[in-house]
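S.K.: Numbering (the numbering used here), first residue to last: 387 to 865.
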Amino acid sequence: MRGTPGFSFAACCRKETHLSAMQIGLLSRMEAVFPFLADLVHGDLKAYVPAAKEGFFLLAAHIHPHTVYMAGAKETGRLVRRIEEPIIAEAFQAGQAVSGKREWTYGTMRDMHVFPILSEGRVLCALAFEVDAEKLLIEGYPRLLEAARVVLLHAQKACDLAPFAPIQAGDGILITDARSRIVFADVAARRIYRVLGVGSLVGCPLYERQLTRHVTRETVERDRPWRKEIEAGGLSLVRREVAIREGGTLCLRIVLLSDVTETRARDEALRIKSAIIQEVHHRVKNNLQMVASLLRLQARRASSDEVRLALRESVNRILSISVVHEYLSQQGDEAIDVQEVFGHIFGLVVRSMADKGFSVRTACKGERLVLPSKCASSVALVLNELVLNAMEHAFIGRSEGLIGLSVKAHADGWLLDFYDDGIGLPKAFDIARTKSLGLTIVKTLIEGDLGGQFSIAGEAGCGTHARIILPKMQPAPIA
387 MRGTPGFSFA ACCRKETHLS AMQIGLLSRM EAVFPFLADL VHGDLKAYVP AAKEGFFLLA
447 AHIHPHTVYM AGAKETGRLV RRIEEPIIAE AFQAGQAVSG KREWTYGTMR DMHVFPILSE
507 GRVLCALAFE VDAEKLLIEG YPRLLEAARV VLLHAQKACD LAPFAPIQAG DGILITDARS
567 RIVFADVAAR RIYRVLGVGS LVGCPLYERQ LTRHVTRETV ERDRPWRKEI EAGGLSLVRR
627 EVAIREGGTL CLRIVLLSDV TETRARDEAL RIKSAIIQEV HHRVKNNLQM VASLLRLQAR
687 RASSDEVRLA LRESVNRILS ISVVHEYLSQ QGDEAIDVQE VFGHIFGLVV RSMADKGFSV
747 RTACKGERLV LPSKCASSVA LVLNELVLNA MEHAFIGRSE GLIGLSVKAH ADGWLLDFYD
807 DGIGLPKAFD IARTKSLGLT IVKTLIEGDL GGQFSIAGEA GCGTHARIIL PKMQPAPIA
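(1) I need the DSSP call for E778, collapsed to helix, strand or coil.
(2) Is the segment 418-429 touching the segment 550-567 in the sense that three or more CB pairs, one from each, lie closer than 8 Å?
(3) Does C511 come out as helix, strand or coil in the three-state DSSP assignment?
(4) Just how far apart, CA to CA, sit P502 and A564?
(5) Run through the segment 420-450 for me and flag every whole alpha helix (DSSP H) of 4 or more residues, listed as ranges in chain order.
(6) Near E516, which residues of its chain fall below 6 Å by C-beta distance, leaving aside the five closest residues on each side in sequence?
(7) If you drop the 5 nearest sequence neighbours on each side, which residues of the same chain put their C-beta closer than 6 Å to that of L405?
(8) As an exercise, report each continuous beta strand (DSSP E) stretch of at least 3 residues that is fully enclosed by the segment 483-550, in chain order.
(9) Nearest by alpha-carbon distance to A544: which of D807, I854, R631 and S785 is it?
(10) What are the complete alpha helix (DSSP H) segments, minimum 4 residues, inside the segment 626-694?
(11) Please state whether the Cβ-Cβ distance between L582 and A571 is less than 8 Å.
(12) From C848 to G790, what does the alpha carbon distance come to, in whole angstroms?
(13) Please confirm if V624 has its CB atom under 8 Å from at least one CB of chain C.
(14) Between E771, S715 and K614, which has its C-alpha nearest F728's C-alpha?
(15) Tell me the rounded alpha-carbon separation between F442 and Q479.
(16) Distance, Cα to Cα, P863 vs A721?
(17) Our contact map puts V768 next to V828 with C-beta atoms below 8 Å; I'd like the distance itself, whole angstroms only.
(18) Does V584 come out as helix, strand or coil in the three-state DSSP assignment?
(19) If we count the other Cβ atoms within 10 Å of its Cβ and call it buried at 16 or more, is Q482 buried or exposed?
(20) Given G824, which residues of its chain have a CB within under 7 Å of its CB, disregarding the five upstream and five downstream residues?
(21) Who are the near neighbours of V484 in its chain, counting only those whose CB is closer than 6 Å to its CB and skipping five residues on each side?
(22) Just the Cα atoms here: how many angstroms apart are M859 and L642?
(23) Please check the pair F804 and A740, which I expect to be a contact at CB under 8 Å, by giving their CB distance rounded to whole angstroms.
(24) Once DSSP output is grouped into helix, strand and coil, what is the label at T403?
(25) With DSSP as the reference, label R819 as helix, strand or coil.
(26) Could you name the residues of the same chain whose beta carbon sits closer than 6 Å to that of S792, not counting the 5 residues immediately before and after it, in chain order?
(27) For the alpha helix (DSSP H) that contains V569, what are its first and last residues?
(28) Can you give me the Cβ contacts of V606 inside the same chain, cut-off strictly under 6 Å, excluding the 5 residues immediately before and after it?
(29) Out of curiosity, what's the CA-to-CA distance linking P857 and G838?
(30) So what's C398 in DSSP terms, helix, strand or just coil?
(31) Which class does H711 belong to by DSSP, given the choice of helix, strand or coil?
(32) Alpha carbon to alpha carbon, how far is G526 from A533? Give it in angstroms, no decimals.
(33) Which residues does DSSP list as the beta-bridge partners of V601?
(34) Just to confirm the assignment, what range does the beta strand (DSSP E) spanning L840 have?
(35) Please determine, among E699, Q675 and N672, the residue with the shortest C-alpha to C-alpha distance to A685.
(36) Measure from the alpha carbon of V765 to the alpha carbon of each residue in L523, M676 and E726, then state which is nearest.
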């Protein structure tokens, strides 16, 4: 139940009451509408059930509304003495709705409206709405209570309860009678219709021309026909209509209006911005690939093997960055999956560097790591340099090898273990004194740009492990 993690209404009733499985099933089904009712009435909803312990009630549910602030902690699961709740006791005894006042704190009173839930002439549960009426000052408030009573009776039947989702603060509420004439309109509903040029709502037929003439577009969801998205007079509205019928005859309608104009405008702006960013990444990728192609042409014309190798490594570095931009242009977000990028870069380097007849396998395991795009190029370059280094030095004299990446959570963030099963490191190897450009780039990027830690170790014939510790970073949303 909302606001009560781990709490089971049914389990609590089974443990603390003598209710039958069928009775508990009925109440558990009705539990789905409790948040809606609390929001509709603008007050706390408390469900009292006779406890197995003589002289006590079980407070089986306690719901705070979304539509108004109600002070006090939830008391779900508490046993309450009958003598402490005389209005609840009266509702159980009389078997009908009862209203009165209840002292909430010393000197502070709340209005209490209690509706019994009956089964085969017996009161199973009493639903109490506690309302601070002096602060609410809602014109026509009894209409809300009557609507709650009708919904409560309706919910006891085998019907679709999906339309009774919670009401949010700021939603407009309209209630009609059996002739679809508006009998209640709250402040939020009146404000929305005032923007559409409608002054008085109460007394108007719900489908009168003056209420619908500004509608320019109406979208109905196939699986939720009671929910419509409407564009009217420059506003974007979500309209939820709940019709309560008895034997095919309309009793009342509850219409909920949500003004989502700003939300839809933000969504559209976000969609446009995302498309622009994707296009930028796509163009950057194309430009990088063009530069790489020019360097390849230059490498073919170079007469020195050393120059050709340097140009080939530069091509791989440029293409590793282009992989990131291609990934971002396709994903449509501003975050990268490290394992996916590793797979792309691995394939790129192997195609470029592996000799004919050499077979290299890859392994990627551990937890999924998603990093913000601001560090994507640095991570891609690090992975590229490590793969390049392994391909160039780890498998000398061999026809096959393994390169892998393991990712797991670490006390300081994330631990990335890049490893191979190659010939290992020389005995006198010292990362601080190495002249390897690739490892120097890796160390500089990890410690300088990413704020992490880098170490490398390996014994002759036992492979090499390059360990990277990255601080925790959250993927940044598009502003």
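In this text, a Cβ means the ideal position worked out from N, Cα and C, and glycines have one as well.
M.R.: Straight from the coordinates:
(1) helix
(2) yes
(3) strand
(4) 24 Å
(5) 420-427
(6) G429, D430, R496 and M498
(7) C399
(8) 484-491, 494-505 and 508-517
(9) R631
(10) 647-687
(11) no
(12) 14 Å
(13) Given the protein chain composition of this structure (a single chain), no chain C is represented.
(14) E771
(15) 14 Å
(16) Any reading at P863 must be qualified, since the residue scores a pLDDT of 42, below 50, and its modelled position is unreliable; no value is offered.
(17) 5 Å
(18) coil
(19) exposed
(20) E771, L774 and N775
(21) I473, E476, A477 and V500
(22) 40 Å
(23) Their Cβ separation, rounded to whole angstroms, is 18 Å, which puts F804 and A740 out of contact at 8 Å.
(24) coil
(25) coil
(26) K751, G752 and D803
(27) Counting along the chain, V569 falls outside any alpha helix (DSSP H), though it belongs to the beta strand (DSSP E) covering I568 to A571.
(28) K614
(29) 6 Å
(30) helix
(31) helix
(32) 12 Å
(33) A618
(34) It should be pointed out that residue 840 corresponds to Phe in this sequence rather than to Leu. Where F840 is concerned, the enclosing beta strand (DSSP E) stretches over Q839 to G844.
(35) E699
(36) E726
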